[in-house]
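K.L.:
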Amino acid sequence: MKIVLINPPHTAIGSRVPDDHLPPLGLLALGGPLLDAGHQVRLVDAEFGPMPLPALVEDALGDGPDCILIGHSGSTSAHPTALQIARMVKGRAPATLVIYGGIFPTYHWRDILAGTEAFDVIVRGEGEATIVSLIEALDRRRPLADVAGIAYRDDLGRPFATRSAGTIATLDDYRVGWELIDHRRYSYWGGKRAVVMQFSRGCPHLCNYCGQRGFWTRWRHRDPKNFAREIAWLHREHGVDLINLADENPTSSKKAWRAFLDAMIAEDVPVLIVGSTRADDIVRDADILHLYRKAGVIRWLLGMENTDEETLSLIRKGGSTASDREAIRLLRQHGILSMATWVAGFEDEGFRDLWRGFRQLIAYDPDQIQALYVTPHRWTPFFRIAKDRRVIQSDVRLWDYKHQVLRMTRLKPWMLFFSVKLIELAVQSRPKALARILFHRDPEQRHSMRWYTKMGRRVWFCEVWGFLARDRRVTDGPTLAEFWGAPQDAEEESMVVMRPPRKPAEATVAISPGA
Numbered sequence: 002m003k004i005v006l007i008n009p010p011h012t013a014i015g016s017r018v019p020d021d022h023l024p025p026l027g028l029l030a031l032g033g034p035l036l037d038a039g040h041q042v043r044l045v046d047a048e049f050g051p052m053p054l055p056a057l058v059e060d061a062l063g064d065g066p067d068c069i070l071i072g073h074s075g076s077t078s079a080h081p082t083a084l085q086i087a088r089m090v091k092g093r094a095p096a097t098l099v100i101y102g103g104i105f106p107t108y109h110w111r112d113i114l115a116g117t118e119a120f121d122v123i124v125r126g127e128g129e130a131t132i133v134s135l136i137e138a139l140d141r142r143r144p145l146a147d148v149a150g151i152a153y154r155d156d157l158g159r160p161f162a163t164r165s166a167g168t169i170a171t172l173d174d175y176r177v178g179w180e181l182i183d184h185r186r187y188s189y190w191g192g193k194r195a196v197v198m199q200f201s202r203g204c205p206h207l208c209n210y211c212g213q214r215g216f217w218t219r220w221r222h223r224d225p226k227n228f229a230r231e232i233a234w235l236h237r238e239h240g241v242d243l244i245n246l247a248d249e250n251p252t253s254s255k256k257a258w259r260a261f262l263d264a265m266i267a268e269d270v271p272v273l274i275v276g277s278t279r280a281d282d283i284v285r286d287a288d289i290l291h292l293y294r295k296a297g298v299i300r301w302l303l304g305m306e307n308t309d310e311e312t313l314s315l316i317r318k319g320g321s322t323a324s325d326r327e328a329i330r331l332l333r334q335h336g337i338l339s340m341a342t343w344v345a346g347f348e349d350e351g352f353r354d355l356w357r358g359f360r361q362l363i364a365y366d367p368d369q370i371q372a373l374y375v376t377p378h379r380w381t382p383f384f385r386i387a388k389d390r391r392v393i394q395s396d397v398r399l400w401d402y403k404h405q406v407l408r409m410t411r412l413k414p415w416m417l418f419f420s421v422k423l424i425e426l427a428v429q430s431r432p433k434a435l436a437r438i439l440f441h442r443d444p445e446q447r448h449s450m451r452w453y454t455k456m457g458r459r460v461w462f463c464e465v466w467g468f469l470a471r472d473r474r475v476t477d478g479p480t481l482a483e484f485w486g487a488p489q490d491a492e493e494e495s496m497v498v499m500r501p502p503r504k505p506a507e508a509t510v511a512i513s514p515g516a
């Protein structure tokens with residue numbers, strides 16, 4: 002079949018301000034198996050420009066595809082745009098099948114299918130195996146009810162979901178369709194040729210606000226040597242200089258992560274690696290952090306979420322302020338940049354709470370900071386905790402972690418917004434941070450900090466302008482449950498756990514999936 006993959010243009014400021022764009026890993030991960038199954042596959046990446054939607058639809062329909070697949074990594078805030086694209090496609094070519102996937106549609110499939118006929122099928126959970134089975138069923142006109150992990154409208158027009166798909170037991174069974182992109186168009190870190198990759202999927206921790214853990218269902222990782230070999234191939238064949246890991250927690254298994262570090266060092270390619278992990282994993286790995294840097298790791302985003310112990314307990318983070326501070330110290334000692342995420346809005350904070358959080362951030366002394374707002378997802382346990390809070394942002398495109406969406410009783414929106422902006426400014430402008438930006442002895446880190454500071458400054462001013470002149474908030478909005486619907490945490494796990502087949506004892510390799 003002839004298939005077009007569409008990456009919608011994202012409205013988030015972080016997507017629009019930087020000059021760099023990263024390739025859409027999720028769509029490429031579907032493209033590889035579809036190509037291997039003998040289908041014609043093409044990607045339309047509308048992030049560049051961004052491409053106007055009429056031009057995007059014109060391009061996508063240009064060669065008369067049988068199916069169009071729409072997905073985006075920021076699937077909640079991208080949903081309105083995805084819906085608009087699907088409606089435009091159906092308006093131009095009603096017979097073209099439109100398939101939708103991602104985290105948001107995985108859980109909101111009932112509402113989506115009941116609310117519009119623009120999407121024909123929704124893929125729930127991981128897509129690599131499911132999409133091949135679905136396209137085969139469509140091509141051979143087999144019953145869709147036999148395909149696990151999808152949702153569609155039945156003969157009476159009612160939303161219907163098939164049985165849940167199983168997790169992919171061995172991630173190396175499916176390849177990424179790198180041939181679908183021109184690597185010269187994609188960059189990060191100030192112009193370095195870059196791609197997004199995954200060493201692992203999922204997370205073994207139970208943070209109750211996380212919208213990713215249940216989607217991936219179980220933590221799994223790729224074969225460390227195969228993964229390092231693929232990175233080296235991307236560098237040698239396509240000039241890729243930087244890998245942005247999309248993992249929630251790539252370092253979960255010290256044994257597997259150590260094997261990957263050793264494999265990367267053996268490949269001996271000058272590739273930089275950035276990603277996110279947990280502070281307590283960094284503390285755990287104090288004895289091998291020198292290998293992190295030698296393997297190319299240059300920055301970790303540490304998901305600290307908050308600096309208050311009671312809040313960390315509320316969200317079941319499982320870390321501590323002591324380990325957060327120690328992780329930043331250890332990273333700096335080994336020449337690795339730290340970016341601390343700090344999230345406002347978990348508790349009904351006041352100015353005193355924000356001041357205490359600011360002082361903690363200063364004490365942590367991170368190289369960079371990313372301030373976010375709590376954004377509850379309907380399928381997480383935290384949604385049930387927050388379900389009676391009032392929504393102040395009804396534009397779903399702004400449910401992107403960078404906009405306040407829930408009302409607070411002690412702080413008006415402008416009070417919280419400008420407090421957060423001042424905290425960002427003060428942390429990023431403190432003398433220690435400025436000295437590192439200007440005089441860091443490592444030119445690579447000096448470049449990266451200057452680039453991030455430049456982008457951060459532009460984003461900061463865009464956010465202030467947006468708050469004052471563009472974004473609209475409601476004063477008497479619905480409760481969170483009224484806005485999105487009843488909590489779905491009973492359905493948090495999107496797939497059934499599948500384990501890799503056990504190998505004979507004499508053939509067992511040193512690193513096994515799931516270690």
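Each residue of the sequence shown is one higher than the one before, starting from 2 at the first, in this note's numbering.
For each residue, glycine too, the CB sits at the ideal point set by N, CA and C.
Note that the structure is predicted; figures quoted are calculated from it, not measured.
Would you tell me roughly how many angstroms separate the C-alpha atoms of Gln371 and Ala13, rounded to the nearest one?
P.N.:
Looking at the two C-alpha atoms, the distance is approximately 15 Å.
K.L.:
Would you call the segment 371 to 380 in contact with the segment 207 to 222, where contact means no fewer than 3 C-beta pairs closer than 8 Å?
P.N.:
Yes, since at least three Cβ pairs between the segment 371 to 380 and the segment 207 to 222 fall closer than 8 Å, the two stretches touch.
K.L.:
How many angstroms separate the CA atom of Pro367 from the CA atom of Glu180?
P.N.:
Near 38 Å, if we compare the C-alpha coordinates of Glu180 and Pro367.
K.L.:
Within the continuous alpha helix (DSSP H) that includes Tyr175, where are the two ends?
P.N.:
It is not in any alpha helix (DSSP H) - Tyr175 carries neither H nor E in the DSSP assignment.
K.L.:
Rounded to a whole number of angstroms, what is the C-alpha to C-alpha distance between Phe484 and Lys388?
P.N.:
Their Cα atoms are separated by approximately 9 Å.
K.L.:
Within its chain, find whatever has a CB closer than 8 Å to the CB of Asn8; leave out the 5 residues flanking it on each side and keep chain order.
P.N.:
For Asn8, where only same-chain residues beyond five positions count, the Cβ hits under 8 Å are Pro25, Leu28, Leu44, Val45, Asp46, Ala47, Glu48, Gly72 and His73.
K.L.:
Note down, one range per segment and in chain order, each beta strand (DSSP E) of at least 3 residues found wholly within the segment 92 to 121.
P.N.:
For the segment 92 to 121, whole beta strand (DSSP E) runs of length 3 or above, ordered along the chain, are 98 to 102.
K.L.:
Could you give the C-beta distance for Arg326 and Tyr365, rounded to a whole number, given that I count them as a contact under 8 Å?
P.N.:
The Cβ separation is near 5 Å, so the contact holds.
K.L.:
Where are the beta strand (DSSP E) runs, 3 residues long or more, that stay fully inside the segment 117 to 166, in chain order?
P.N.:
DSSP runs (the beta strand (DSSP E)) wholly in the segment 117 to 166: 122 to 124, 151 to 154 and 160 to 162.
K.L.:
With distances taken between CB atoms, is the gap from Ala130 to Ala96 smaller than 8 Å?
P.N.:
It is not a contact, given that the beta carbons lie outside the stated cut-off.
K.L.:
With respect to the beta strand (DSSP E) encompassing Tyr374, which residues constitute its N-terminal and C-terminal limits?
P.N.:
Gln369 to Tyr374 is the extent of the beta strand (DSSP E) around Tyr374.
K.L.:
On the criterion of 16 or more Cβ atoms from any shown chain inside 10 Å, does Gly346 qualify as buried, or is it exposed?
P.N.:
When all chains shown are included, Gly346 counts as buried.
K.L.:
Are the CB atoms of Lys3 and Pro66 within a distance shorter than 8 Å?
P.N.:
In this structure, Lys3 lies closer than 8 Å to Pro66 by Cβ.
K.L.:
What's the call for Trp466, buried or exposed, on a 16-neighbour Cβ count within 10 Å?
P.N.:
Flag for Trp466 reads exposed.
K.L.:
Among residues of its own chain, excluding the 5 on either side of Pro34, which ones have a beta-carbon nearer than 6 Å to its beta-carbon?
P.N.:
Same-chain partners within the cutoff: Glu129, Val133 and Tyr175.
K.L.:
Going by DSSP in three states, Met52 sits in which element: helix, strand or coil?
P.N.:
Residue state, collapsed to three classes: coil.
K.L.:
Which stretch, first to last residue, makes up the alpha helix (DSSP H) that contains Trp356?
P.N.:
Trp356 -> alpha helix (DSSP H) spans Phe352 to Tyr365.
K.L.:
With burial defined as no fewer than 16 other Cβ atoms inside 10 Å of the residue's Cβ, what is the status of Arg159: buried or exposed?
P.N.:
Exposed, by the Cβ-count rule.
K.L.:
Using C-beta distances below 6 Å, list every residue in its chain close to Gln369, excluding the 5 sequence neighbours before and after it, in chain order.
P.N.:
For Gln369, where only same-chain residues beyond five positions count, the Cβ hits under 6 Å are Met340 and Tyr453.
K.L.:
Does the Cβ of Arg411 have 16 or more other Cβ atoms within 10 Å, making it buried, or fewer, making it exposed?
P.N.:
Exposed: under 16 other Cβ atoms inside 10 Å.
K.L.:
Do three or more CB pairs link the segment 403 to 418 to the segment 239 to 249 at distances below 8 Å?
P.N.:
No: the two stretches stay apart, fewer than three of their Cβ pairs being nearer than 8 Å.
K.L.:
Taking the alpha helix (DSSP H) that Arg459 falls in, what are its first and last residues?
P.N.:
Unbroken alpha helix (DSSP H) run through Arg459: Pro444 to Trp466.
K.L.:
So the beta strand (DSSP E) Arg194 belongs to, where does it begin and stop?
P.N.:
Unbroken beta strand (DSSP E) run through Arg194: Lys193 to Met198.
K.L.:
Whole beta strand (DSSP E) runs in the segment 401 to 442 with 3 or more residues, listed along the chain?
P.N.:
With a minimum length of 3 residues, no continuous beta strand (DSSP E) run stays inside the segment 401 to 442.
K.L.:
So Leu290 and His335 are in contact, right, with Cβ under 8 Å, and what is the actual spacing, rounded?
P.N.:
Confirmed, Cβ separation roughly 4 Å.
K.L.:
Out of His40, Glu127 and Asn227, which one is the CA nearest neighbour of Glu137?
P.N.:
Considering only alpha carbons, the answer is His40.
K.L.:
In terms of alpha-carbon separation, which member of Leu338, Lys226 and Lys295 lies closest to Thr278?
P.N.:
Out of Leu338, Lys226 and Lys295, Leu338 has the C-alpha closest to the C-alpha of Thr278.
K.L.:
Excluding sequence positions up to five away, which residues of its chain have a Cβ less than 8 Å from the Cβ of Gly126?
P.N.:
Result list for Gly126: Thr107, Gly150, Ser165, Ala166, Thr168, Phe216, Thr218, Ser495 and Met496, in chain order.
K.L.:
With a Cβ-Cβ cutoff of 8 Å, do Val105 and Thr77 count as a contact?
P.N.:
According to the sequence provided, residue 105 is Phe. The question's Val does not apply to it. Yes, the pair counts as a contact, with Cβ atoms nearer than the cut-off.
K.L.:
For Met340, does the three-state DSSP call read helix, strand or coil?
P.N.:
Correct three-state label for Met340: strand.
K.L.:
Considering Gln334, what are the terminal residues of the alpha helix (DSSP H) in which it resides?
P.N.:
Thr322 to Gln334 is the span of the alpha helix (DSSP H), which, as asked, contains Gln334.
K.L.:
For His518, which residues of its own chain have a beta-carbon under 7 Å away from its beta-carbon, when the five flanking residues on both sides are left out?
P.N.:
Because residue 518 is not part of the residues shown, which for the chain are 2 to 516, the question remains open.
K.L.:
Assuming contact is defined by CB atoms lying nearer than 8 Å, are Arg500 and Ala170 in contact in what I supplied?
P.N.:
Yes; because the gap between Cβ atoms is below 8 Å, this pair is in contact.
K.L.:
Per DSSP, which one or two residues make a beta bridge with Asp46?
P.N.:
According to DSSP, Asp46 bridges with Asn8.
K.L.:
Would Lys455 be called buried (16 or more neighbouring beta carbons within 10 Å of its own) or exposed?
P.N.:
Classification of Lys455: exposed, given that the 10 Å Cβ count is below 16.
K.L.:
Assuming Ile232 contacts Leu273 under a Cβ cut-off of 8 Å, what Cβ separation, rounded to an integer in Å, is found between them?
P.N.:
Not confirmed; about 11 Å, so no contact.
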